[in-house]
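S.K.: Residue numbers (this note's numbering): 68 to 1013.
For glycine and all other residues, C-beta sits at the position ideal for the given N, C-alpha and C.
Remember, it's a predicted structure, so these values are computed and weren't measured experimentally.
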RNA sequence: GACCUAUAGCUCAACUGGUUAGAGCAUUGCGCUGAUAACGCAAGGGUUGCGGGUUCGACUCCCGCUAGGUACACCA
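1. Measure from the alpha carbon of residue 741 to the alpha carbon of each residue in 72, 80 and 252, then state which is nearest.
2. May I have the straight-line CA-CA distance separating residue 68 from residue 996, to the nearest angstrom?
3. At which residue ranges does the region 906–956 contain complete alpha helix (DSSP H) runs of 4 or more residues, listed in the order of the chain?
4. Which same chain residues end up closer than 6 Å to residue 170 when comparing Cβ atoms and leaving out the 5 residues on each side of it in sequence?
5. For the beta strand (DSSP E) that contains residue 845, what are its first and last residues?
6. Check for me: the alpha helix (DSSP H) holding residue 789 runs from which residue to which?
7. From residue 105 to residue 862, what does the alpha carbon distance come to, in whole angstroms?
8. Buried or exposed: residue 998, going by 16 or more other Cβ atoms within 10 Å of its Cβ?
9. How long is the line joining the alpha carbons of residue 1003 and residue 811, rounded to whole angstroms?
10. Identify the residues that DSSP records as bridge partners of residue 516: which are they?
11. Anyone know if the C-beta pair for residue 332 and residue 368 falls short of 9 Å?
12. I need the DSSP call for residue 1001, collapsed to helix, strand or coil.
13. Here's a check: name, in chain order, each residue in its chain whose Cβ is nearer than 7 Å to the Cβ of residue 834, leaving out the five neighbours to either side.
14. Do three or more CB pairs link the region 665–683 to the region 645–655 at distances below 8 Å?
15. Considering residue 803, what are the terminal residues of the alpha helix (DSSP H) in which it resides?
16. Skipping 5 residues on each side, what residues in its chain have a beta carbon closer than 7 Å to that of residue 153?
17. Pick out whichever of 588, 93 and 972 has its Cα sitting closest to the Cα of residue 208.
18. How is residue 493 classed by DSSP in three states: helix, strand or coil?
19. With burial defined as no fewer than 16 other Cβ atoms inside 10 Å of the residue's Cβ, what is the status of residue 385: buried or exposed?
20. If you draw a straight line from the C-alpha of residue 508 to the C-alpha of residue 523, how long is it?
21. From residue 899 to residue 155, what does the alpha carbon distance come to, in whole angstroms?
22. Whose C-beta lies closer than 6 Å to the C-beta of residue 606 among residues of the same chain, with five residues either side of it excluded?
23. Are the region 884–893 and the region 914–928 touching, with three or more C-beta to C-beta distances below 8 Å?
24. Please report the residue range of the alpha helix (DSSP H) in which residue 564 lies.
25. Would you call the CB atoms of residue 256 and residue 433 closer than 9 Å?
26. Quick one, are the C-beta atoms of residue 254 and residue 440 less than 9 Å apart?
27. Can you find at least 3 beta carbon pairs, one from the region 820–827 and one from the region 752–759, that sit closer than 8 Å?
28. Look at residue 770 and residue 830 and say whether their C-beta atoms are less than 9 Å apart.
29. Rounding to the nearest angstrom, what Cα-Cα distance links residue 579 and residue 617 in this structure?
30. Between which two residues does the beta strand (DSSP E) harbouring residue 269 extend?
31. Distance, Cα to Cα, residue 597 vs residue 498?
32. What did DSSP end up calling residue 72 once you bin it into helix, strand or coil?
33. How far does the beta strand (DSSP E) with residue 182 in it extend, from its first residue to its last?
34. Whose CA, out of 96, 467, 878 and 139, lies closest to the CA of residue 698?
35. If residue 141 sits next to residue 631, beta carbons under 8 Å apart, how far is it from one beta carbon to the other, in whole angstroms?
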């Protein structure tokens, strides 16, 4: 009996069930590299419509983490799907190479500039360090299967790139957007440099909160402006009380601000036997007195804030008069309603101070210590100075109250622990107001497509409110601000655009050292004596903010603006904005047509990943244990618009899903071992209706898959494909066609029909999977019979699928009903199994008693319904003849059906395993059914439908 | 204070508010042994984060709370 097995056409393939991705993927990568896959794609893309996804540069420092992987894989999925959609979609990856983090790393090795190394040597070391980081990260990105121009990525430290940054900045200057000013900027005392908004992080910090007296110098003048309570004036000194959490800024105090709209109260206090009068906002009175622990007080007069303007006060510890000024920024949320104002140490103070022409005094040095000559505090660090200021106030009788307060305070994002101070220094700014940059940017934002749409509101809010962009840094490893300013007037050199271009050309040849080594007279000749050469570097956010300039506008085959920028949602304040501002300044529009953002990666409980929590999932680990395709599938399966959860379990589930998809592909391929599309492919019209249904189902799925790629909704596409493998294929179609595949003559129409369907389906499927499971899809592709391109990534979506017409007798609705009938049959089967009356359904006879409509439908299949049920027999009968034991089912179409099953009384055919009455009727094959006899010795059976 | 998120153990559905909230995976039981470190069938599993409200009707709209995430802020 075993001999009949040889007469079957069993599945056969070398396509391995076990993926072994960790080993196989690197081999595939090697092959792609050898065949120059990316080069071939570009060559073949010539003349096609463009799709340009511009890569945001990761910082060239450290190992890539899961967030990097998510970002690059999402980009890769999009780019590949665009190639498959017939676009020319070149992808140029890049790195951000200048800046402080690299300096810090290099300092650890070679020390600070000026000690063991000079600036030039230090920059060389930085360049070297960055190059090594890029190399390492590049390798890791490529290992993930990300396809792009890895041979020629963009680096912001390339000479050409550095020159383009200089040119771009020169253009921003020429367009009149740049200001030099002495404004308070975020300052890190560890970096000893100004910071950008993007370099500031907020964290809780405990600070001393103090209330301080500012003595009123002309009490009579004040009293004359007040409304007195019952003619009282009280007695004792009069002081305005301010509240502050930064005592160290008091040396720079230039004024006290009050809100013109508030009412202020003059309060008579008696403490320790002496009288005094305090002036503070009426609304803050109760809280403040409570804080001071003063119960014995009485309001003697009221005064509108407006009337206090110009009053003279004594600085609490310096011999200095400071005025009362008015400011809308004074609130009643905390404090006393009177605000100590130090224009050198705060943005608001600076703004209101400049209205009154107050000096912008900054007694604090770059290292955070008070400058030589600062009375009382010279040499003291501002943070330790707090105590000293408080002591001084105490000694002078100016301290009303002192307590500790915990509040959110800005810190340096590199140094984490280092609190930032506001410090007025001469800096360069891209002004938001000049030449209406803010309005231009707002208008540009409006024209861009933001996905998800709340991204628009977010960036609008930021652009609307952001201060001028401080672009100068006092660092070594950065692109220089290549300007000359007049020593007396501070004006830019009149030939600035020309000079910038000359410098850019030099930098193009020698890198940024060209500027640092340049002597002023080299460029300015006789004028040199009148000009200062700026030694500041540019904020690295400016570097990355002009990547479109050095990449999109510089390289052939790319377009500006880009079709898409895609980064994490944190880049609304970072790259999206820096790119927007420079582009608006120089071109008047955004550098991108659409912006897509993804969320952050969190652990299984939605918590942030951190080393201390031990919940970090490293992409390298996943790749090593499961393979890059598993990581890629996880990215695709997860809705990236919000937080993306990863954990071992989640990855394991994804690996399970992967195996299902892979095994489906394997099974499809295994049924094509003897199929040559050139010879055996059938026309749609020649195929069996069930096979046409299968192709049409794939056709409809493909429409959904393509739509999902189009909308960047990869998780829906993943679910659909996986469902297709499990439900339509595994649970229905593939199970049914086994009989035909195995038992019919090899070259019979029935068998070739199913193979045609399988061929179409697996060909299409390889394409669906290619952007996500690039390695696996490529592998499937190589096992497909017939002529084809070298890699699935060079292909376009499969075009040979077709739909099923509504007019067909066996249309989708028909097959839907058949599936429901089959589901009902399977439920009855299960009962039989539970009663131990049956195992295989091939040993069961089925009687289906049908209502009128469904009877006619099922009749269409004739005897072939049994192949769909995979039963020994299937009789379609009238419900009027139903037996008492038949079980009732109602279909979704409201058709009614009664099913009765019983074990077949007949023998099992040794070949096809069906239990048939005609087993043994042929003397030469006593163990076979009539059908099998025909299939072996005769012309073969005829199949019409399934 | 602002914005986003919260649906079975996991990943996702549920159109503009409309029957009993759906899939797949996982789990459990069963079958098959011609996809076998596979395949098929079936079953259990949800107070849609919590509490209010609007409505004939709420996963869906409104308010509050909780948890988590993110970006920001002139808290002096």
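M.R.: For this structure:
1. Of 72, 80 and 252, the residue nearest in Cα terms is 80.
2. Unreliable positioning characterises residue 68 in this predicted model, as indicated by a pLDDT of 48, which lies under 50. The coordinate reading is nonetheless provided below. Going from the Cα of residue 68 to the Cα of residue 996 covers about 13 Å.
3. The qualifying runs are 919–926 and 932–936.
4. 544
5. It is not in any beta strand (DSSP E) - residue 845 instead sits in the alpha helix (DSSP H) that spans 841–850.
6. Counting along the chain, the alpha helix (DSSP H) containing residue 789 begins and ends at 781–790.
7. For residue 105 and residue 862, the distance between alpha carbons rounds to 13 Å.
8. buried
9. 8 Å
10. 661
11. yes
12. Three-state result, residue 1001: helix.
13. Same-chain partners within the cutoff: 151, 859, 862, 864 and 865.
14. no
15. That run of the alpha helix (DSSP H) goes 801–810.
16. 115 and 863
17. 93
18. strand
19. exposed
20. Looking at the backbone, the Cα of residue 508 and that of residue 523 are separated by about 12 Å.
21. 58 Å
22. Cβ-Cβ distances below 6 Å link residue 606 to 263, 538 and 540 in the same chain, with the five nearest sequence neighbours on each side left out; the list follows chain order.
23. yes
24. Unbroken alpha helix (DSSP H) run through residue 564: 563–577.
25. Yes. Within cutoff.
26. no
27. Taking a cut-off of 8 Å for Cβ pairs, the region 820–827 and the region 752–759 touch, as three or more such pairs fall below it.
28. The answer is no: Cβ separation not under 9 Å.
29. For residue 579 and residue 617, the distance between alpha carbons rounds to 15 Å.
30. 267–282
31. 26 Å
32. helix
33. Where residue 182 is concerned, there is no enclosing beta strand (DSSP E), given that its DSSP letter is neither H nor E.
34. Selected option, being the one with the closest Cα: 139.
35. Contact doesn't hold; Cβ gap of about 11 Å is too wide.
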